[in-house]
Amino acid sequence: MIDRAVPDPVLAEPVVPDSTGLAAPTGLTEPTGLTEPTGPTEPAVMTESAASGQPLPGPTLADFEAARERLHGIVQETPMERSRYLSGMLGAEVLLKCENLQRTGAYKIRGAYNMLSLLDDDQRARGVVAASAGNHAQGVAFSATELGIRSTIFMPVGVALPKLQATRDYGAAVELRGADFQTALAAAIEHVERTGATFVPPYDHADIIAGQGTVGLEILEQVPDVATIVVPLGGGGLAAGVASAVRQRTALDGRRVRIVGVQAERAASFVDSLAAGEPTTIVTRPTIADGIAVARPGTLPFEIVREAVDEIVTVSDDDIARAMIVLLERAKLVVEPSGAVTTAAIMTGLVTSDGPTVAVLSGGNIDPLFMERVIARGLAASQRYLKVRMALPDRPGQLAIIAQIVSDEQANVVEVLHTQHDAWTSITDVSIDISVTTRGPEHAQRVLEALRRAGYEPQVL
């Protein structure tokens, strides 16, 4: 039997995205845009081996299988799509577990429904409460409505409109409180104390983990010979569930599947916590992967991940943006930044495998306007979008010359900003910012070299 004591909700979701979808650490300033490159990615962190034969903490295999039965007919068994492109990069077959195509757009429904379905009649009558600005809110709202339970979701005032509307559409009463997540969370806790409603945490609960672990059971059925599973890692509910379910099921066959967790390098709380030997609160930095930007791992997920996950790697925002473009162009899949970290880890060479490898795409909920910004960033990071600044003589025909040079190199001008009064140029010159689309790094360099040969000094912005 799983211990269903709800942990301290203060640790439930310590980071909130602003209205653009970017995450900001509690107590720090809101981000103003996409993050800048932060240098080389941190090396992989090796966790303690689960091969000791000792039972894993948390849900048992029977708990995972029972959760699978409860979820039957409620959640979808999401498809497994082979990626030829990523397979070529890894040198082994890569398959994508498409939880971005799940009901509500993310895996979160699995844990939420499993926990809510186990509430007794008195708990159901009192209703459930959650504090979230993301996928957890939608998972709880949908699950509660399916089970006939009243749900109240507390969100910050600045929550992205699509997430707010989706949560309401799934049947929840939404209460907007404060400018940040902590204020919304405090209001949720006050509501629980006043009404006796059940608080539903996003990851630090055995029943939540059992539900998320059904992703792992599906992977084993869809890819029986899987060698490596790559899973996003934030608070730890998904990674703990997948790793524990897979470890316990494959132990019956005497084989071992390698599990790799992936964190955003700007919010790598598990890396610091594993080094400290216990859950540790870190100061996160703004990241596009707001769904896994958690300042402190869950207590139970930490214990499971420490035993059952083989290694943890981190990826940059630029890596994530590039991965999202690859998934969009090659796999025709819309994946949110937190769900694309697994693809990013494969693309950057942080994952090695000698057999079939499954990358879990954990969600696909993203604001279209924010997606536009991420695409622009990903194209720039891949040098398929080149923006340069140059000084030109202030006389007729100069823009035509620049356009012809770019055209001769078979690149395409998409934007030009022409300024006659710029302090950085001489009084006889004008400044132009020109944006060009290219086919990649080599093509971009050819465009720059052509401009230099013509006597210009392009500065890449």
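So for the sequence shown, the numbering used here puts the first residue at 1; every next one is plus one. Every residue gets a Cβ at the ideal spot worked out from N, C-alpha and C, and that includes glycine.
Practice task
Please report the Cβ distance between residue 334 and residue 288, rounded to the nearest whole angstrom; I am assuming they are in contact, meaning their Cβ atoms lie under 8 Å.
Solution key: 14 Å between Cβ atoms; not a contact.
Practice task
Whole angstroms is fine: what's the gap from residue 168's alpha carbon to residue 72's?
Solution key: 24 Å
Practice task
Would you kindly work out how many angstroms separate the C-alpha atoms of residue 244 and residue 209, rounded to a whole number?
Solution key: 9 Å
Problem - Span of the alpha helix (DSSP H), counted from its first residue to its last, around residue 408 - result: 398-408
Practice task
Would you mind working out which of 59, 106 and 84 sits nearest residue 76, comparing C-alpha positions?
Solution key: 106
Practice task
Starting from residue 207, trace the beta strand (DSSP E) both ways and give me its first and last residue.
Solution key: Segment 206-212 is the alpha helix (DSSP H) holding residue 207; no beta strand (DSSP E) there.
Exercise for the section: Specify the secondary structure class of residue 240 as computed by DSSP and reduced to three states. Expected result: helix
Problem - Contact set for residue 279: own chain, Cβ-Cβ below 7 Å, skip 5 residues either direction - result: 273, 296, 297, 299 and 302
Exercise for the section: For residue 461, name the three-state secondary structure that DSSP assigns. Expected result: coil
Handout entry: Cross-strand partners of residue 429 (DSSP beta bridge)
Key = 393
Exercise for the section: Write down the C-beta distance between residue 321 and residue 374 rounded to the nearest angstrom, noting that I regard them as a contact closer than 8 Å. Expected result: 5 Å
Problem - Three-state secondary structure assigned by DSSP to residue 76 - result: coil
Practice task
With DSSP as the reference, label residue 263 as helix, strand or coil.
Solution key: strand
Exercise for the section: Count the other CB atoms, across all protein chains shown, that sit within 10 Å of the CB of residue 142; report buried if there are 16 or more and exposed otherwise. Expected result: buried
Problem - Alpha carbon of residue 62 to alpha carbon of residue 242, nearest angstrom - result: 14 Å
Practice task
For my contact list, residue 267 and residue 293 are in at a C-beta cut-off of 8 Å; report their separation, rounded to the angstrom.
Solution key: 4 Å
Handout entry: Beta carbon of residue 466 nearer than 8 Å to that of residue 249
Key = Residue 466 is absent from the structure shown; the chain starts at 1 and stops at 461.
Practice task
Reducing DSSP to helix, strand and coil, say where residue 85 ends up.
Solution key: helix
Exercise for the section: Taking only the alpha-carbon atoms, compute the straight-line gap between residue 68 and residue 312 and give it to the nearest angstrom. Expected result: 27 Å
Problem - Simplified DSSP assignment, three categories, for residue 268 - result: coil
Exercise for the section: Spatial neighbours of residue 399 within its chain, please: CB distance less than 8 Å, with the 5 preceding and 5 following residues excluded, ordered by chain position. Expected result: 392, 416, 418 and 432
Practice task
Go through the region 342-369 residue by residue and report every complete run of the beta strand (DSSP E) that reaches 3 residues or more, in order.
Solution key: 357-361
Handout entry: Rounded separation between residue 219 and residue 255 - CA only
Key = 15 Å
Practice task
Can you give me the start and stop residues for the beta strand (DSSP E) that residue 311 sits inside?
Solution key: 311-315
Handout entry: DSSP beta-bridge partners of residue 191
Key = Note: residue 191 sits in no beta bridge, so no partner.
Handout entry: Straight-line gap, residue 451 to residue 459 (C-alpha atoms, nearest Å)
Key = 11 Å
Handout entry: For residue 317 and residue 378, the rounded distance between their alpha carbons
Key = 9 Å
Exercise for the section: For residue 97, count neighbouring Cβ atoms within 10 angstroms of its own Cβ and tell me buried if that reaches 16, exposed if not. Expected result: buried
Handout entry: Span of the beta strand (DSSP E), counted from its first residue to its last, around residue 92
Key = Element bounds for residue 92: n/a, residue is neither H nor E.
Problem - Bridge partner(s) assigned by DSSP for residue 418 - result: 432
Exercise for the section: Just the C-alpha distance for residue 461 and residue 190, rounded to the nearest angstrom, thanks. Expected result: 48 Å
Exercise for the section: Below 6 Å CB to CB, which residues in the same chain sit around residue 435 once its five sequence neighbours on both sides are set aside? Expected result: 387, 414 and 415
Handout entry: Three-state secondary structure (DSSP) of residue 151
Key = strand
Handout entry: Which listed residue (86, 56 and 104) has its alpha carbon closest to that of residue 78
Key = 104
Problem - Nearest-angstrom Cα separation, counted from residue 394 out to residue 444 - result: 26 Å
Problem - residue 235 versus residue 440 - alpha carbon distance - result: 36 Å
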